[in-house]
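Written below as structure tokens is the structure these notes are about.
In this note's numbering, the protein residues as written are 6 to 96.
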């Protein structure tokens, strides 16, 4: 999985966040997308890297501007009760 962070200009409220999120979901098969107008960023979790130009175009079509894109590998971190329970049963 990959984490894609977009720097987005033009978001001013929660509805703006929803518009950007919807634009990304319509254009790509993503696992999760969240936006913050106060931080000016959108974070996307996807199985594979997304086409940057198509991503910029989708956000632009919604009326916002992508000023930066960062892509990094992502794996779930944290403690899982289910994983722990399975480990305990094996011991």
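Every residue gets a Cβ at the ideal spot worked out from N, C-alpha and C, and that includes glycine.
Note that the structure is predicted; figures quoted are calculated from it, not measured.
When the beta-carbon positions are compared, residue 40 and residue 56 stay at least 7 Å from each other. Residue state for residue 28 is assigned as helix, using DSSP reduced to three classes.
In the structure shown, the three-state DSSP call for residue 75 is strand. Using a Cβ distance threshold of 7 Å, residue 76 and residue 54 count as a contacting pair. Shown here, residue 50 sits in a strand according to DSSP, grouped into three states. Under the three-state reduction of DSSP output, residue 80 falls in the coil class, being neither helix nor strand. In the structure shown, the three-state DSSP call for residue 38 is strand.
Rounded to the nearest whole angstrom, the CA to CA distance from residue 65 to residue 71 is 7 Å. A straight line joining the alpha-carbon of residue 18 with that of residue 42 spans about 6 Å.
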